[in-house]
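Everything on this sheet refers to the single structure shown next.
There are 4 protein chains.
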Amino acid sequence: MSISETVEVTGHLMDSGILSRILDDIREYGGDYVIDRFDVGHDAADVSRATITVTAEDDESLQRLLMRLQTRGVNQVDPGEASVVEADMDGVFPDGFYSTTNLATRIRLDGRWYDVENPEMDCGLIVEQDGGSVRVYTLPMSDVRTGMKVVCGASGIKVSVPVIEKGSDAFGFMESDVSSEKPQAVLVRQVADGMREAKAAGKKVLWVGGPGVVHTGAAPAMVQLVKAGFVDVLFAGNALATHDIESSLYGTSLGIDLAMGRGVEHGHEHHIRALNTIRKAGSIRAAVDSGVLTSGIMHALVTQDKRFVLVGSVRDDGPLPDVYTDVIEGQRAMRAELKDVGFCLMVATMLHSVATGNLLPASIPLVCVDINPATVTKLADRGSSQAKGIVTDVGLFLEQLALELVPDYRRS
Amino acid sequence: MSISETVEVTGHLMDSGILSRILDDIREYGGDYVIDRFDVGHDAADVSRATITVTAEDDESLQRLLMRLQTRGVNQVDPGEASVVEADMDGVFPDGFYSTTNLATRIRLDGRWYDVENPEMDCGLIVEQDGGSVRVYTLPMSDVRTGMKVVCGASGIKVSVPVIEKGSDAFGFMESDVSSEKPQAVLVRQVADGMREAKAAGKKVLWVGGPGVVHTGAAPAMVQLVKAGFVDVLFAGNALATHDIESSLYGTSLGIDLAMGRGVEHGHEHHIRALNTIRKAGSIRAAVDSGVLTSGIMHALVTQDKRFVLVGSVRDDGPLPDVYTDVIEGQRAMRAELKDVGFCLMVATMLHSVATGNLLPASIPLVCVDINPATVTKLADRGSSQAKGIVTDVGLFLEQLALELVPDYRRS
Amino acid sequence: MSISETVEVTGHLMDSGILSRILDDIREYGGDYVIDRFDVGHDAADVSRATITVTAEDDESLQRLLMRLQTRGVNQVDPGEASVVEADMDGVFPDGFYSTTNLATRIRLDGRWYDVENPEMDCGLIVEQDGGSVRVYTLPMSDVRTGMKVVCGASGIKVSVPVIEKGSDAFGFMESDVSSEKPQAVLVRQVADGMREAKAAGKKVLWVGGPGVVHTGAAPAMVQLVKAGFVDVLFAGNALATHDIESSLYGTSLGIDLAMGRGVEHGHEHHIRALNTIRKAGSIRAAVDSGVLTSGIMHALVTQDKRFVLVGSVRDDGPLPDVYTDVIEGQRAMRAELKDVGFCLMVATMLHSVATGNLLPASIPLVCVDINPATVTKLADRGSSQAKGIVTDVGLFLEQLALELVPDYRRS
Amino acid sequence: MSISETVEVTGHLMDSGILSRILDDIREYGGDYVIDRFDVGHDAADVSRATITVTAEDDESLQRLLMRLQTRGVNQVDPGEASVVEADMDGVFPDGFYSTTNLATRIRLDGRWYDVENPEMDCGLIVEQDGGSVRVYTLPMSDVRTGMKVVCGASGIKVSVPVIEKGSDAFGFMESDVSSEKPQAVLVRQVADGMREAKAAGKKVLWVGGPGVVHTGAAPAMVQLVKAGFVDVLFAGNALATHDIESSLYGTSLGIDLAMGRGVEHGHEHHIRALNTIRKAGSIRAAVDSGVLTSGIMHALVTQDKRFVLVGSVRDDGPLPDVYTDVIEGQRAMRAELKDVGFCLMVATMLHSVATGNLLPASIPLVCVDINPATVTKLADRGSSQAKGIVTDVGLFLEQLALELVPDYRRS
């Protein structure tokens with residue numbers, strides 16, 4: 159016995175290789191397919207449309223396959239109505255809950271379509287009805303509470319893939335793969351353009367950074383970028399902030415004497431003392447206000463009234479008083495800063511880049527810069543398909559970016 | 159004006175290059191030195207002893223330099239008495255607190271020497287006097303409370319470097335550097351010997367693992383090693399446990415179909431559903447007891463009554479109900495499992511390896527295995543000088559390790 | 159003004175993403191296209207066929223685009239007759255020469271189709287007519303001589319892509335990407351199967367190796383594989399052979415004391431002396447015959463009457479007397495050994511792997527094993543589309559491979 | 159039975175860790191030692207001197223150990239007279255030949271000391287006596303001819319380690335290790351200083367480059383550096399030159415469309431056609447003279463009358479007519495350009511960097527820049543102890559270097 163559903167997908171299906179991936183998914187999930195119809199654009203500019211009947215062993219398998227296909231932008235031809243089940247435990251979704259994509263999503267309830275407020279992947283969809291008004295929003299598993307209405311199965315749900323204009327796209331250059339063999343100066347310029355466009359559109363620029371920003375000597379460049387208005391929010395961990403502060407207080411960063419360009423193995427004594435100093439002050443802002451902290455990235459963010467969210471990890475010393483030690487609370491604090499973000503730059507951190515990639519909707523352009531190809535690859539592998547990777551030196555990249563974006567930028 | 163102190167260090171000073179590093183440290187901290195006396199062993203087996211007068215600008219600089227030198231095993235010739243100051247804030251050490259090494263440490267109070275109970279680096283030293291009895295122990299910054307007595311400055315403190323027998327040492331092979339160009343089969347055998355020796359001495363074997371253990375297909379080998387008694391404690395994150403459980407429930411691990419050897423990009427739908435299933439059960443043990451979870455690494459640990467500590471990170475989905483979401487609480491839970499650990503193997507995780515390296519005393523042999531040289535280098539750079547690195551494939555390494563340690567081991 | 163040609167391509171076009179790459183190529187070369195017809199298979203097993211009209215600015219651009227598309231298996235619907243021009247300089251092709259792919263190729267002359275004898279990419283096609291008999295073969299640029307007849311333009315040429323059976327293929331597991339996160343034990347087994355199949359079909363197994371084979375301690379495993387008949391030909395450089403011989407004569411390999419598992423920085427004194435010893439003997443075989451060389455990989459190849467081709471590089475010391483110091487002569491010697499090769503394993507060398515990848519026809523299965531992902535990626539980027547990559551430890555990989563292939567294999 | 163010799167070494171023995179390495183060497187070669195005397199400098203600025211009696215099993219072992227120790231700058235206290243043996247075969251040194259270091263070397267014959275003309279490692283020392291005049295020079299193994307007088311054993315030979323001023327050295331910053339975590343902008347400035355100093359001293363700047371220079375878009379920066387006089391000689395392979403020429407002729411480099419910043423998989427058709435074009439012209443200079451080649455790095459070298467040596471490898475297509483296809487002849491051509499070189503920069507090539515490192519005397523400052531840490535590490539491991547490594551992005555590095563060195567440099 160088997161069960162089928164007819165789905166459709168529209169777009170530059172062949173150009174983008176998306177159709178191959180859809181058929182791969184069907185096989186991966188043990189399903190089968192018949193291509194009912196395939197309207198191919200005749201010209202390069204035309205859009206293709208495919209209608210496919212997918213078959214699975216049973217309804218549960220089919221529903222899961224349909225959810226999987228939605229991550230590719232595949233919708234049911236006749237989606238029907240969304241099905242809603244009440245959660246009966248805190249922190250646990252009902253069986254068969256709909257697992258979200260990071261695409262723009264709508265659901266149909268009682269014949270009407272509702273937009274999902276905040277696309278985020280790997281969440282559930284919660285329906286709130288209050289009189290005539292209906293809200294649908296994503297919620298992570300840990301935040302669901304007994305009695306909440308959770309969408310189950312794949313019925314009644316449509317997703318939309320962000321349309322990327324072939325050729326005209328500022329990020330067309332990075333279409334293919336992660337590579338260290340690309341004209342890097344061109345890439346810098348295009349990232350600068352992306353930031354300028356976001357600011358011009360009234361959007362915020364989100365940075366996600368690791369301690370490598372400080373180690374590679376890029377802190378002065380980043381400070382200038384903060385002052386020039388190109389850093390609205392910073393997501394980071396205890397390490398970036400502590401090394402930045404350590405560098406400001408003692409002129410070192412975990413053993414790098416930046417002024418002299420001399421490296422030492424490790425200098426944890428400076429590190430741990432910098433942490434104690436800020437803990438004594440009470441917070442980074444308090445340390446700035448009291449004149450203890452007078453330079454660096456964190457100082458610039460505070461004095462320029464920019465936002466930052468620091469989330470801890472198990473390897474942290476200290477940590478700084480501003481750090482969320484509970485990672486789930488940290489994720490909530492990050493989510494709260496995502497509104498109006500129009501561009502995201504991730505620099506020199508795998509942990510916080512993957513964490514941010516998990517939270518961002520697919521519609522936000524995202525560039526990941528790291529000297530380690532694995533970081534960029536990992537990000538893409540986790541499903542942040544909008545992620546573009548640049549494998550390059552973080553220090554020189556930010557130096558060049560400041561040269562592009564900050565008028566009269568000179569290293570002092 | 160300047161201030162001086164005479165220090166001494168003993169050991170295979172020239173063989174090990176330790177003297178160069180000591181002199182480098184003095185320069186790094188802006189100090190100066192005169193070598194007062196240097197008794198060099200005439201024969202290869204002899205021990206050298208150096209007496210050095212170090213000079214710094216002022217007392218604060220000198221104290222900090224002396225603390226730094228203690229990480230190399232350098233002690234003051236006339237250490238005097240330890241100085242103790244009461245903490246006047248929760249979570250903050252007094253200025254000038256002694257920042258610990260991970261070496262065996264003693265402090266002198268009122269003319270008597272006391273052993274520090276639990277060496278751990280980057281902590282403070284707390285003195286507790288109760289009637290005639292005196293305890294001295296390390297405490298991380300976040301756990302200090304107002305009124306606790308904290309050792310300040312470098313006086314009255316002696317450290318001892320673990321003696322490594324040249325040549326006879328099981329880990330002599332790894333003396334030099336991280337390298338992928340070493341005879342790997344020999345290394346596997348020597349790690350196996352290290353584990354056997356620890357078990358023979360009644361000690362525990364601690365594993366620190368990342369999800370790569372599951373992705374590389376090494377879970378069956380690790381299950382056999384658990385059953386054979388070579389895994390007493392596992393430190394990991396949400397990822398290893400979830401991918402292991404996902405693999406057990408659905409035969410996949412973030413997109414790797416292990417049975418078929420086929421990879422997919424990502425399969426978060428399985429991932430998120432596995433998390434929901436265990437959250438519904440209440441805990442990993444509950445899922446084993448109720449028959450939901452019937453195989454894999456976590457199943458083996460539960461059924462063999464072994465310990466595990468899972469500490470979360472900001473990129474986690476779910477997480478599993480067993481995961482510490484507060485990283486500081488997670489560190490405390492890890493510390494609580496360190497007693498009687500006699501060998502530590504770190505596999506395929508940078509985050510949890512560095513975290514564990516921060517907690518372990520220098521006396522515990524520690525081997526870090528990763529295909530990424532950066533992970534191993536990072537660990538060594540952080541000051542875990544006892545860390546030995548093997549750059550190799552995790553899957554094949556654990557397969558070979560099981561062949562060495564598990565009688566009649568065959569992959570099924 | 160512009161000029162057009164109608165082309166066609168057949169196969170699992172959407173599954174394999176080949177169609178997207180074809181359309182990308184057309185854009186890369188500044189051309190345009192109209193898809194005239196696209197017959198999509200309804201079922202997963204069906205083959206698709208596309209007919210496309212491609213347009214370019216002028217005939218030269220069109221011819222070059224058509225040559226480019228042939229690397230994807232795209233042929234002209236009406237290929238017409240091949241056009242032949244005489245070379246008028248030694249070592250130089252006529253303008254507009256057809257640049258070959260590594261696919262099975264036929265050309266049409268006077269209405270008849272002829273098979274190209276030895277597909278190899280980046281060569282020219284030479285036509286030899288002797289009475290009624292016609293030969294067509296590939297020839298590298300440096301070997302062309304005045305008066306030879308060289309095919310020009312893309313007319314009259316058809317290529318065939320090797321058919322890879324979906325699912326049933328032994329190498330299906332590696333379909334997707336280079337990855338270090340794959341179940342390695344499964345991969346080893348499948349490489350073993352590939353070698354067994356080649357031998358069962360009466361084909362030769364070609365190895366391409368770098369010095370890492372010796373450094374990782376895998377020489378004993380490789381020696382056993384030679385003796386068991388799974389190494390028919392070895393392509394390598396001066397380094398693998400010298401380190402192997404050095405290890406045999408002195409127990410070291412560029413500073414690795416294999417017996418003790420101890421590493422040193424470099425030990426060029428052994429290295430240079432080993433080279434002198436073999437040069438004095440006259441050749442590797444002479445050194446074996448005279449009892450100077452009594453163990454190791456090269457010894458095994460000589461005593462088992464297996465073939466090897468050593469080609470030098472600019473960094474070589476010595477070199478060994480058997481090494482081709484002229485790289486073009488070295489390439490000729492490699493080509494001469496390709497007949498009847500049915501499987502190729504490349505281990506721990508980028509230079510010789512890329513060199514061999516350049517020479518091999520697309521029909522020969524090829525697996526590249528290296529701990530460095532860049533090596534594997536580079537090979538694939540160069541157009542060896544049949545190349546499958548395994549990022550793993552070479553030492554443990556060959557150890558496992560010997561366990562699979564050599565009855566009663568035990569490390570001595 | 160055993161045999162001994164007394165040796166001495168002078169310098170900052172403890173600072174530099176050199177003494178530990180000497181003692182390691184003795185153990186590696188199975189020898190033993192007694193430290194007879196060790197005069198340690200009291201102050202940081204003082205030089206130490208050690209006198210050591212080394213013992214080996216027999217004379218051959220001792221001689222080889224003494225040669226090994228000379229690579230560390232260790233000389234015999236009483237070196238005696240050099241022993242000379244006639245070669246009795248072409249291309250083969252006599253048994254027991256002295257294997258050279260890359261240090262400044264003198265030998266004693268008939269009571270007089272003679273400077274070795276051209277220090278190069280892994281060579282033999284040839285003595286030529288013509289009447290009263292005596293020459294001593296290094297010669298690679300392949301160039302020795304029957305009847306030449308070759309120095310054997312370690313007697314009568316002294317080497318001198320180049321003195322590196324602590325702290326004042328322009329390259330002090332790179333003293334420690336290969337690292338990607340260093341302030342890159344500082345490093346660029348210091349490399350620029352090194353080049354300026356060499357030019358000011360009337361010395362030549364040698365570049366060694368790989369195709370990554372072109373792929374990363376750095377060719378325009380390098381062209382400006384050629385024109386500004388900071389590139390006197392280029393050592394490279396067929397690939398750099400061909401990709402540069404391909405980029406000039408077709409605007410691509412192995413699939414990188416530099417103008418648009420778009421990457422493609424591979425574009426060998428352009429590549430092979432560029433080779434044919436230059437082969438037709440006869441040489442790169444002929445192609446420049448005839449107006450075929452009008453831009454790029456090779457064009458700049460030709461029009462600025464700078465030198466280049468291109469040496470081929472087994473993976474080459476073509477190759478260009480200027481390429482030495484015989485690698486031993488290529489090495490000779492490289493040697494011929496080393497006179498008066500005062501600074502060497504190696505960029506994005508492992509093969510040619512190691513080759514050049516083999517030829518250079520230890521006295522020439524050498525910086526190796528690559529995004530791949532393995533390249534830099536490999537170079538250092540091979541014995542080029544004067545090599546300093548910078549792990550960074552080649553494209554951005556050269557862009558910054560041009561900003562430092564070329565007045566009014568702007569990217570067009």
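Residue numbers (my numbering), protein chains in the order written: chain A, 159 to 570; chain B, 159 to 570; chain C, 159 to 570; chain D, 159 to 570. C-beta atoms are modelled at their ideal positions from N, C-alpha and C, and glycine is treated no differently. Quick caveat: nothing in here was measured; it's all calculated off a predicted structure.
Taking a C-beta distance under 8 Å as the contact criterion, Val309 of chain C and Val292 of chain C do not qualify as a contact pair.
The beta carbons of Ser178 of chain B and Pro320 of chain B sit about 20 Å from each other, so the pair does not count as a contact at 8 Å. Going by DSSP, Met504 of chain B is part of no alpha helix (DSSP H) but of the beta strand (DSSP E) stretching over 499-505. Closest option to Ile529 of chain D, judged by alpha-carbon separation, among D:Ser206, D:Arg222, D:Gln342: D:Gln342.
DSSP places Ile265 of chain C within a strand segment (E or B) once states are collapsed to three.
For Glu427 of chain C, the chain D residues whose Cβ falls inside 7 Å of its Cβ are Arg222, Met225, Arg226, Ser257, in order along the chain.
Listed along the chain, the chain B residues whose CB falls inside 9 Å of the CB of Leu496 of chain A amount to none; the nearest CB is some 14 Å away. For chain B, the residues of the segment 468-490 of chain A that bring a beta carbon within less than 7 Å of one of its beta carbons are Val469, Gly470, Ser471, Val472, Arg473, Asp474, Asp475, Gly476, Thr483, Asp484, Val485, Ile486, Gly488, Gln489, in chain order. In the DSSP assignment, Ala545 of chain D falls within the beta strand (DSSP E) that extends over 545-549. Between Thr514 of chain C and Val274 of chain C, the C-beta spacing is not below 8 Å.
In terms of CA proximity to Leu171 of chain C, C:Asp201 leads the group C:Arg443, C:Arg354, C:Asp201, C:Asp190. In the structure shown, Asp182 of chain C adopts helical secondary structure according to DSSP, grouped into three states. With a threshold of 8 Å between beta carbons, Asn260 of chain A makes no contact with chain B.
Exclusion of the five residues before and after Gln228 of chain B leaves Thr259, Val317 as the residues of its chain whose Cβ lies within less than 6 Å of its Cβ. Here the segment 296-304 of chain A makes contact with the segment 245-253 of chain A; the two share three or more CB pairs at distances below 8 Å. Relative to Gln489 of chain B, the option among B:Val469, B:Gly547, B:Tyr272 whose CA is nearest is B:Val469.
Taking CB atoms only, Thr400 of chain A has no neighbour in chain D less than 8 Å away. At least 8 Å separates the CB of His170 of chain A from every CB of chain B.
Looking at the DSSP output, Phe255 of chain A bridges to A:Cys310. Cβ-Cβ distances below 8 Å link Arg465 of chain D to Asp390, Val391, Leu392, Leu459, Glu495 in the same chain, with the five nearest sequence neighbours on each side left out; the list follows chain order. Here Gln462 of chain B carries a coil assignment [DSSP, helix/strand/coil]. At a cut-off of 8 Å between C-beta atoms, Glu355 of chain B does not count as an interface residue with respect to chain C. Within its own chain, the residues whose Cβ lies closer than 8 Å to the Cβ of Leu517 of chain C, once the five positions on either side in sequence are excluded, are Glu278, Gln489, Met492, Arg493, Leu496, listed in chain order.
Within chain D, no residue has its CB atom less than 9 Å from the CB of Ile184 of chain A, the nearest being about 26 Å off. Cβ contact annotation for Val363 of chain A (same chain, cutoff 8 Å, sequence separation greater than five): Met353, Ala356, Lys357, Phe388, Val389, Asp390, Val391, Val499, Gly500, Phe501, Cys502, Leu503, in chain order. Take Leu509 of chain D, set aside five residues on each side of it, and the residues of its chain with a beta-carbon closer than 8 Å to its own are Gly368, Gly395, Ser471, in chain order. The Cβ atoms of Ile436 of chain B and Asp402 of chain B do not sit closer than 8 Å to each other. Inclusion of Thr209 of chain A and Asp190 of chain A in the CB contact set at 8 Å is not warranted, their separation being larger than that value. Residue pairing for Ala214 of chain C: DSSP places it in a beta bridge opposite C:Ile161.
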